[in-house]
Structures are given as C-alpha cells and as structure tokens.
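As structure tokens, the structure follows; a few thoughts come after it.
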Amino acid sequence: MAKHYSALGLASSPFANAIGVAHDNAPVQPVTLVRPHAARRAARFFVEKFPGTSMYAVKANPSPDLLQILWDSGITHYDVASIGEVRLVARTLPEATLCFMHPVKAEEAIAEAYFTHGVRTFSLDTMEELDKIVRATKAAEDLTLCVRIRVSSELSKLSLASKFGAGPGETKELLFAARQASDALGICFHVGSQAMSPDAYAQAMERVRLAIVEAAVTVDVIDVGGGFPSSYPGMEPPPLERYFDVIHRAFEALPISYSAELWAEPGRALCAEYSSLIVRVEQRRGDELYINDGAYGALFDAAHVGWRFPVELLRQPESRAKDMAFSFYGPTCDDMDHMAGPFMLPADVKAGDYIEVGMLGAYGCAMRTAFNGFGVDAVVEVSDMPMATLYDDVDEDAGRSNVVRLGARG
Ligand SMILES: Cc1ncc(COP(=O)(O)O)c(C=O)c1O
C-alpha cells in the first residue's frame, strides 16, 4: 500500500502518479485514506478502559488490514454476523475468538461456524433459533448462548429496536430454555448505533435486571452490544469514559454471579476514525456539487439516513472564501444518489477541487458497491490526524509521534 503524510499533499502532489491514479498528477477516481494509528488508538482505549471484554463488530469495517491492526492492539474477540465474516476472521486472525451474534442465522452457517471454525458463542432471540442452534451443533455441551433482549433506541441516532430482540413477555421462557441448552448463559442487547447518551445503557441494563429477576436463572455473561458513538458534525457525544462508568456501575448492581463477565461489541467507535475519502468535484451547480463518490460508494449513510460527515477543501493556498452550505450529488445516474448534508465548504468551491470527506471508517468504506462502474482506484495510508476524534486527550504520544503536520490539521 502506498503511504503519504496527509490528504492535502496527496490531492495535489506528483505523488498521485506513484499510486497510478492520474494522468495529470492528481487522482481521477476517489482515493480511500486509511489511518492505522487512529484505529490503534481507539483499540487501545477500549482494551485499557472498558471494564470487560471488547469484541469488534466486524460488519462496521471488515478490512483485513484493519482486523490485523485491532488484533495487534489487543482486540482478541470478534463479533461476526454471517458465515462470510466467520470465514474472513478465521482466515485473517486464526487465533481470534469469534462470537456469532446475529440472532437469525442459517442452520448451515451455525454448523460450519461450530464444527469448522470453533465458534462456541451464538446469540438468539426466539425459541426457533434456539432449536436451530441445538440441532446444528448436535446438542453441543460447550455453548455460550446469549439471549438478545429488545431495548429502546430512543437515545441513539440509528434504531436497532424493531428487528431483533425478545420482548418482555418472551424473555423468561427463552432464558430458561437457553440455560438448559448452554454451558454459559448470556444476555445481550443493542441500544442502537451512535448512542448519544450513556443513559441508553443504564436503561437497557435495567431491562436486563428485570429479565434476570423474572426468569430467576444464573447468568454468566452480560453483553452490552455496540452503539458506542463517534464524533460527527452536529453529533458530539460525551466522553466514552462516561459510558464505561455507567455500564460498570449497572453491571456491578446486577443479580449475577461474582464471576460473570461483561462484554461489549463496539463497531463504529473502533473504526470510524480509520478512513476518509478524497473526492473530486466534477461540476458545480449553485449550492450543489457533483462529486465522484456517493450513495453507492462510501456515502451510503450520507444519502440514505442524512448522516453528516465532516468535509474539508483540499486546496493550497487555502481558500479565503467564507463557508457556505452545499449538498452533493454522487456519480451514478440515479436521483437517489444525493447527499443533502449540509456540507460546509468555502463558497468558491469549483469543478476540479478535491474534498476530503472524513470519518468514513465505520459503515462508509464497507458499504461500497461497483454500481455504474464507479469505485476507488487506490487506498493510501496517511499519518495525519482524523478530522474528528473521541480519543484526543488519550495516549498523546502514541497517536502523534509519527504525524507530519501539514495544513491546518495537526
Ligand atoms: C449485533 C451487533 N453488535 C454490534 C454492532 C455494532 O454497533 P455499533 O457500530 O453501533 O457499535 C451491531 C451493528 O449493527 C450489531 O448489529
């Protein structure tokens, strides 16, 4: 993989030739930038500060390079949701512990995960799924079964409250049955992605407490799922330590055995800062910029759920124009390839300019399709800082020692 110091340098330098993406010294297709140091810093933060085991939710970004970085930084457990993810992680990190946390799985996938890849932890939210797991594993006696309960998503930006999770009337029977079929019994939930308040976890843990009391079963694992936020325009969450404190206090107060384990499944928080994208403006019409990536590329969330990502004009000398609000059109022929934003950029942005779109490491680069023949030509490692961070005051030296400061960002 090619390496460079910063997005700004890459968009304008002869270096572009070296990565083979340009005829005129600048990238013609979008370029994905990766920041291994940012992923390392996030992983170390969770490993050191989360009061339990952090397993990475692979769906957020399945890049094998990223998986290796997280492993090297101490993340040993991986939340996988499909047989494809099971195979990928088993191949990339043969020593890793895999937990199959999708509540609705193909029976063949469960069997392959158990017998071929050594997976022992599975989640479920119905009796049917429990029966399926028991059948597929031939009534194995070494299973950790996590019953997913339904909790509110009201404090999160993306709901995960409708599709999965046993409701209050269903958990007693399910916990009881799962207890009989398992070596270790867990309870898991997901508060929704980008939880903007630690209270989301306090409320969910209260649901867990009620479920345990009602079912009167011994619980060995409490898995608080994902939902840990990252920082985006208009979405600046409290420090992650506050989330960890709330979770720790609630966990300590649960009626569970003293040896019970606490797990989490962070996706977004571990990888959002890992990637960004350089796009080119191909045309400007008023406050609409036609750029070369969009809804079918890394900007799915910007188009479909109105997510606002940070943007920066990569121009030197810097524009002196005031910022104004723009929206983007992506490169395909489809009207839906539209990102409303608003994206704040200098008012003199014009065709031919390059823009860095930041914080695309989670559910950004992972969503890319090849629709209409558009895609990226290059992935380049950079060592400047991500456009936003939740790990700013953490481990200063480790994050910045190799950073070459160019332009406004450090
Ligand atoms: C079961 C499960 N765990 C973890 C995650 C990761 O969530 P997040 O990226 O919000 O941390 C997801 C996301 O959809 C999920 O479905």
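Per mature numbering (1 follows the signal peptide of the UniProt record, and there is no 0): the sequence shown = residues -18 to -1, 1 to 392. Using N, Cα and C, we set each Cβ at its ideal position, and we do this for glycine too.
1. Once DSSP output is grouped into helix, strand and coil, what is the label at residue 184?
2. For the segment 220 to 234 and the segment 255 to 275, state whether three or more C-beta atom pairs, one from each stretch, are separated by less than 8 Å.
3. If you follow the alpha helix (DSSP H) that residue 109 is part of, which residue opens it and which one closes it?
4. Taking residue 138 and residue 173 to be in contact with their CB atoms under 8 Å, please state how far apart those CB atoms are, rounded to whole angstroms.
5. Touching or not, the segment 245 to 253 and the segment 286 to 297, by the rule of three or more beta carbon pairs under 8 Å?
6. Drop a sphere of 10 angstroms on the beta-carbon of residue 97, count the other beta-carbons inside from all chains shown, and report buried for 16 or more, exposed for fewer.
7. So if DSSP puts residue 134 in a beta bridge, which residue, or which two residues, is it bridged to?
8. Would you mind working out which of 301, 372 and 58 sits nearest residue 212, comparing C-alpha positions?
9. To the nearest angstrom, how far is the alpha carbon of residue 333 from that of residue 160?
10. Is it true that the CB of residue 74 sits closer than 8 Å to the CB of residue 58?
11. Please work out which residues of its chain come closer than 6 Å, Cβ to Cβ, to residue 374, disregarding the five sequence neighbours upstream and downstream, and give them in chain order.
12. Name, in chain order, the residues that DSSP records as bridge partners for residue 328.
13. Ordered along the chain, which non-local residues of its own chain (more than five positions away) have a Cβ less than 6 Å from that of residue 351?
14. Could I get the ranges of all uninterrupted beta strand (DSSP E) runs contained in the segment 158 to 202, with 3 residues as the minimum, in chain order?
15. One question on the structure: do residue 399 and residue 183 come within less than 8 Å of each other, judged by their Cβ atoms?
16. Can you give the Cα-Cα distance for residue 108 and residue 99, rounded to whole angstroms?
17. Just the Cα atoms here: how many angstroms apart are residue 68 and residue 95?
18. Mind checking residue 229: buried by the 16 CB within 10 Å criterion, or exposed?
19. Specify whether the segment 231 to 244 and the segment 188 to 196 touch according to this definition: at least 3 beta carbon pairs, one from each stretch, less than 8 Å apart.
20. Is any non-hydrogen atom of ligand 1 found closer than 7 Å to the C-beta of residue 393, if you look at the structure I gave you?
21. With a 10 Å radius around its C-beta and 16 neighbouring C-beta atoms as the bar for buried, classify residue 318 as buried or exposed.
22. Give every residue of the same chain whose Cβ lies closer than 8 Å to the Cβ of residue 148, excluding the five residues on either side of it in the sequence, and list them in chain order.
23. When the Cα atoms are used, what is the spatial distance from residue 303 to residue 330?
24. Do residue 164 and residue 420 count as a contact pair if the criterion is CB distance below 8 Å?
25. Output the distance between the C-alpha atoms of residue 101 and residue 259, rounded to the nearest integer angstrom.
26. Leaving out the 5 sequence neighbours to the left and right, which residues in its chain are closer than 7 Å to residue 383 when beta-carbon positions are compared?
27. Check whether the Cβ atoms of residue 34 and residue 246 lie closer than 8 Å to each other.
28. Measuring only the C-alpha atoms, how far is residue 324 from residue 158?
29. If you follow the beta strand (DSSP E) that residue 106 is in, where does it begin and where does it stop?
30. Which runs of the alpha helix (DSSP H) fall wholly inside the segment 15 to 57 and span at least 4 residues, in chain order?
31. From residue 239 to residue 195, what does the alpha carbon distance come to, in whole angstroms?
32. For residue 407, name the three-state secondary structure that DSSP assigns.
33. Would residue 283 be called buried (16 or more neighbouring beta carbons within 10 Å of its own) or exposed?
34. Just the C-alpha distance for residue 301 and residue 180, rounded to the nearest angstrom, thanks.
35. Which of the three DSSP states is assigned to residue 282 in this structure?
Answer, in terms of the structure:
1. Position 202 of the sequence shown, counted from the start, is the residue given in the question as residue 184. Reduced to three states, the DSSP call for residue 184 is helix.
2. The way I'd put it, the segment 220 to 234 doesn't touch the segment 255 to 275; fewer than three beta-carbon pairs between them come closer than 8 Å.
3. The count along the sequence shown starts at 1 and reaches residue 109 at position 127. According to the DSSP assignment, residue 109 belongs to the alpha helix (DSSP H) that extends over 109 to 118.
4. What you label residue 138 is simply residue 156 of the sequence shown in a count that begins at 1. What you label residue 173 is simply residue 191 of the sequence shown in a count that begins at 1. So it is a contact: roughly 6 Å between Cβ atoms.
5. No, because fewer than three Cβ pairs between the segment 245 to 253 and the segment 286 to 297 fall closer than 8 Å, the two stretches do not touch.
6. Position 115 of the sequence shown, counted from the start, is the residue given in the question as residue 97. With a 10 Å radius around the Cβ and a threshold of 16 neighbouring Cβ atoms, residue 97 comes out exposed.
7. Position 152 of the sequence shown holds residue 134. DSSP lists no beta-bridge partner residue for residue 134.
8. Position 230 of the sequence shown, counted from the first residue, corresponds to residue 212. By alpha-carbon distance to residue 212, the top candidate from 301, 372 and 58 is 372.
9. The residue you call residue 333 lines up with position 351 of the sequence shown. The residue you call residue 160 lines up with position 178 of the sequence shown. If you take the alpha carbons of residue 333 and residue 160, they lie about 59 Å apart.
10. On the sequence shown, position 76 is the one that residue 58 refers to. On the sequence shown, position 92 is the one that residue 74 refers to. Result no, Cβ atoms of residue 58 and residue 74 do not sit closer than 8 Å.
11. In the sequence shown, the residue the question calls residue 374 occupies position 392. Closer than 6 Å at the Cβ level, and outside the excluded window around residue 374, lies no residue.
12. The count along the sequence shown starts at 1 and reaches residue 328 at position 346. Residue 328 has 305 as its beta-bridge partners, per DSSP.
13. Working through the sequence shown from its first residue, we reach residue 351 at position 369. These residues qualify, in order along the chain: 278.
14. Within the segment 158 to 202, the complete beta strand (DSSP E) segments of 3 residues or longer fall at 166 to 170 and 175 to 177, listed in chain order.
15. What the structure shows of the chain is the stretch from -18 to 392, and residue 399 is not part of that stretch, so it cannot be assessed.
16. Walking along the sequence shown from the start, residue 108 turns up at place 126. Walking along the sequence shown from the start, residue 99 turns up at place 117. Roughly 24 Å separates the two Cα atoms.
17. Residue mapping note: residue 68 aligns to position 86 of the sequence shown, counting from 1. Residue mapping note: residue 95 aligns to position 113 of the sequence shown, counting from 1. When rounded, the distance between both Cα atoms is 7 Å.
18. Looking up residue 229 in the sequence shown gives position 247. Classification for residue 229: buried.
19. With contact defined as three or more Cβ pairs closer than 8 Å, the segment 231 to 244 and the segment 188 to 196 are in contact.
20. With the chain covering only -18 through 392, there is no way to say anything about residue 393.
21. Residue mapping note: residue 318 aligns to position 336 of the sequence shown, counting from 1. Exposed, by the Cβ-count rule.
22. Along the sequence shown, one-based indexing puts residue 148 at 166. Cβ neighbours of residue 148 beyond the five flanking positions: 107, 108, 129, 130, 131, 132 and 156.
23. The count along the sequence shown starts at 1 and reaches residue 303 at position 321. The count along the sequence shown starts at 1 and reaches residue 330 at position 348. For residue 303 and residue 330, the distance between alpha carbons rounds to 6 Å.
24. There is simply no residue 420 to check, as the chain begins at -18 and stops at 392 in what is shown.
25. Taking the first residue of the sequence shown as 1, we reach residue 101 at position 119. Taking the first residue of the sequence shown as 1, we reach residue 259 at position 277. Approximately 35 Å, taken between the alpha carbons.
26. Walking along the sequence shown from the start, residue 383 turns up at place 401. With a pLDDT of 34 at residue 383, under the threshold of 50, the predicted position of this residue should be treated as unreliable, and no value is reported.
27. As a position in the sequence shown, residue 34 is number 52, starting the count at 1. As a position in the sequence shown, residue 246 is number 264, starting the count at 1. Taking 8 Å as the Cβ cut-off, residue 34 and residue 246 qualify as a contacting pair.
28. Position 342 of the sequence shown, counted from the first residue, corresponds to residue 324. Position 176 of the sequence shown, counted from the first residue, corresponds to residue 158. Using only the alpha carbons, I get a separation of about 50 Å.
29. The sequence position of residue 106 within the sequence shown is 124, counting from 1. If you look at residue 106, you'll find it in the beta strand (DSSP E) that goes 103 to 106.
30. If we require 4 residues or more, the alpha helix (DSSP H) runs fully inside the segment 15 to 57 come out as 18 to 31 and 46 to 54.
31. Taking the sequence shown and counting its residues from 1, one reaches residue 239 at position 257. Taking the sequence shown and counting its residues from 1, one reaches residue 195 at position 213. Looking at the two C-alpha atoms, the distance is approximately 13 Å.
32. In this structure the chain extends from -18 to 392, so residue 407 is not present and cannot be described.
33. Translated into the one-based positions of the sequence shown, residue 283 becomes position 301. Result: buried.
34. The residue you call residue 301 lines up with position 319 of the sequence shown. The residue you call residue 180 lines up with position 198 of the sequence shown. C-alpha separation (whole angstroms): 39 Å.
35. Residue 282 sits at position 300 when you count from the first residue of the sequence shown. Residue state for residue 282 is assigned as helix, using DSSP reduced to three classes.
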